[in-house]
């Protein structure tokens with residue numbers, strides 16, 4: 269019986285390489301969706317959602333920039349090519365150098381589960397080009413309960429977190445908060461951030477001043493409040509507010525560090541069910557997110573007025589201060605008609621992005637704006653139909669977008685984009701244990717203000733204001749099979765990208781080009797005994813530019829990670845002791861965009877161990893070791909669309925190594 273329960277759960281999360289738990293997630297999981305579940309309960313090592321996804325999903329790679337706030341790559345796609353929402357709200361970072369990607373504005377202790385949807389099969393959200401990541405935060409419950417977490421780890425890591433939830437039959441409230449800090453981590457060679465910079469041989473002026481070489485890597489705090497009100501038996505109002513505060517975040521492979529990174533997310537959602545024949549569920553959502561992000565050279569030698577090196581003795585502290593605000597609203601309604609479930613909706617969003625440079629040694633001088641109060645305004649309408657035909661399920665969807673992008677720089681043009689997108693996705697249930705699925709779709713995303721309008725601190729125009737929107741034509745196919753004590757799932761895809769937005773290190777600007785990406789994924793689980801089970805996932809993709817040119821001579825697409833494997837063995841004893849050993853491995857980067865700054869990375873295999881023990885109903889102790897063998901390796905390549913430090917040798921830029929052997933422990937008290 270227990271085997272059957274485990275196996276059903278493995279299927280329900282689409283065979284993702286994550287821990288199998290008995291908690292239920294209220295989400296209608298599609299066959300092409302991967303669910304990473306119970307994030308707040310299991311990913312207690314760090315607040316970093318990007319790192320949690322990298323460890324739990326083979327299709328996700330990590331863009332390492334620091335000890336926190338790291339980016340993700342999904343199927344060889346990054347930045348605006350993947351759509352990220354937090355409880356349905358779109359959140360953007362303010363930093364043009366991706367120091368604060370969208371996933372960094374919510375922390376693992378506030379996350380319930382995460383949906384990963386690959387491909388162009390999302391018409392409800394603006395800009396879902398090659399996939400989307402839907403982050404769902406924890407919800408308030410009627411019964412009063414709470415928990416307190418205390419965590420410690422290597423390199424001075426300290427974290428404290430709490431959550432409280434409770435209410436009545438009609439009103440439920442949740443409050444949660446956390447604070448954490450960490451020193452600079454060391455790689456497998458024992459080098460911290462400062463020593464990694466020295467080892468790479470970056471220019472002296474970009475290294476840390478002696479007084480800052482031992483400073484902490486970051487300090488991070490968060491607070492979340494939610495109120496769910498059942499207005500009537502079939503109506504609910506959901507209100508939430510999330511605050512994220514990060515201070516003095518070091519980015520050693522970049523020229524600047526973040527003085528702070530503050531974000532506020534406001535969200536309101538009204539849900540009404542069974543209003544009539546033509547309204548099975550009505551959903552109205554409005555949201556606003558704000559991010560404030562100043563970067564500075566304050567901690568670098570070039571800003572030290574007391575240095576004995578006359579080359580840098582000028583106190584040239586530069587700050588690049590950027591803000592962004594995202595406002596959005598969505599209305600959607602669904603109803604059933606015979607064997608159809610129809611959903612129609614309207615989607616609106618307005619993003620403002622603004623930034624300016626400041627020089628401390630020339631406070632009265634006006635420097636150029638990096639992004640001059642740019643607005644991206646989108647209006648979208650979408651329609652979906654889910655058709656059930658005996659053993660077949662067919663999803664058909666369309667979306668039309670009208671987008672206008674403008675800024676205040678008179679020398680740069682405004683742009684308007686209009687696009688009709690959609691998809692057809694079919695699932696065939698051959699029998700109770702076998703599914704086949706395939707889909708074809710078209711999706712699009714517009715350029716952002718950095719790609720269109722960005723100006724460097726030296727006055728160089730990096731953006732290209734004539735960029736076209738990128739269009740993705742994609743075909744996906746796969747199968748899922750459930751055996752008595754095992755499951756297996758395989759997927760393959762082919763993506764044709766028209767007018768892909770790429771950076772050229774030769775022209776030092778962005779441009780459009782045509783490209784293709786293809787790949788496959790294999791995942792599954794095997795239940796050996798009632799206590800012992802295995803899970804695995806592997807992903808491979810390749811990308812090519814269609815035509816070489818004087819500005820894009822290398823045919824290899826950038827940021828296409830090599831073959832990756834996630835595999836784990838899990839042992840659950842008596843429901844009170846859980847042990848896990850996992851391997852995360854990758855092939856070497858043999859195909860990469862050399863002309864645009866990427867370089868060959870070695871293959872790696874990392875072993876992680878974790879154990880959790882419950883003591884009665886109230887206490888839970890977790891201990892773990894990541895990178896048990898203390899390997900030195902890097903997962904993030906060095907595509908020059910980001911401003912990274914040059915090593916001064918052969919034009920290479922600094923690689924950011926992953927943490928070495930890391931010990932951590934967490935104690936949780938539940939009440």
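Numbering (the numbering used here), first residue to last: 269 to 939. Think of the CB as a built atom: it goes at the ideal place given N, C-alpha and C, for glycine as much as any other residue.
Residues in the same chain with beta-carbon distance under 6 Å from residue 741, minus the five sequence neighbours each way, listed in chain order, please. 710, 764
Taking only runs of the beta strand (DSSP E) that begin and end inside the stretch 504 to 568, which ones reach a length of at least 3 residues, in chain order? 525 to 544, 547 to 564
By DSSP's criteria, residue 605 is part of a beta bridge. Which residues make up the other side? 608
Let me confirm a value: residue 383 is counted as buried when at least 16 other C-beta atoms fall within 10 Å, else exposed. Which label applies? buried
Along the chain, where does the alpha helix (DSSP H) that runs through residue 462 open and close? 461 to 468
Which residues in the same chain as residue 802 place their Cβ atom closer than 6 Å to its Cβ, once the five residues preceding and following it in sequence are excluded? 794, 837
Going straight from the alpha carbon of residue 930 to that of residue 312, what length do you get? 13 Å
Just curious, the beta strand (DSSP E) that residue 432 is in, first and last residue? 425 to 435
If contact is defined by three or more beta carbon pairs under 8 Å, each pair taking one atom from either stretch, is the stretch 347 to 362 in contact with the stretch 863 to 873? no
Specify the secondary structure class of residue 864 as computed by DSSP and reduced to three states. helix
How many Å lie between residue 927 and residue 605 at the Cα? 54 Å
Cα separation between residue 324 and residue 725? 39 Å
Check residue 319 in the structure and name its three-state DSSP category. helix
Where are the beta strand (DSSP E) runs, 3 residues long or more, that stay fully inside the stretch 753 to 803, in chain order? 754 to 772, 777 to 795
Please report the straight-line C-alpha distance between residue 479 and residue 566, rounded to a whole angstrom. 11 Å
In or out: residue 813 buried (at least 16 other Cβ within 10 Å) or exposed? buried
Count the other CB atoms within 10 Å of the CB of residue 752; is the residue buried (16 or more) or exposed (fewer)? exposed
The beta strand (DSSP E) enclosing residue 707, as first and last residue numbers: 702 to 713
Can you tell me whether residue 404 is buried or exposed? The criterion is at least 16 other CB atoms within 10 Å of its CB, across all chains shown. buried
Which word fits residue 884, buried or exposed, when buried means at least 16 other C-beta atoms lie within 10 angstroms of its C-beta? exposed
Thinking residue 913 and residue 470 are a contact (beta carbons under 8 Å), I'd like their distance in whole angstroms, please. 4 Å
Check residue 293 in the structure and name its three-state DSSP category. Residue placement at residue 293 is poorly supported in this model, since its pLDDT is 45, which falls under 50; the coordinates are not used for a value here.
On the three-pair Cβ rule with 8 Å, is the stretch 544 to 551 touching the stretch 379 to 399? no
Buried or exposed (CB count within 10 angstroms, at least 16 for buried), residue 695: buried
Does the Cβ of residue 373 have 16 or more other Cβ atoms within 10 Å, making it buried, or fewer, making it exposed? buried
Under 8 Å, do residue 359 and residue 380 count as touching if we go by C-beta distance? no
Closest residue to residue 454 among 430, 755, 424, 627 (Cα-Cα distance): 424
Cβ neighbour criterion (16 or more within 10 Å) applied to residue 841: exposed
Alpha carbons only, please: which of 774, 811, 808, 806 is nearest the one belonging to residue 818? 774
I'd like to confirm the pairing. Which residues does DSSP put opposite residue 598 in its beta bridges? 553, 615
Run through DSSP, which three-state label would residue 626 get? strand
Over the uninterrupted alpha helix (DSSP H) stretch that includes residue 720, give me the two end residues. 717 to 721
Which residues in the same chain as residue 659 place their Cβ atom closer than 8 Å to its Cβ, once the five residues preceding and following it in sequence are excluded? 696, 697, 698
Go ahead and pull the three-state DSSP assignment for residue 474. helix
Do you know offhand how far residue 477's Cα is from residue 486's? 17 Å
Return the first residue and the last residue of the alpha helix (DSSP H) that residue 307 is part of. 307 to 310
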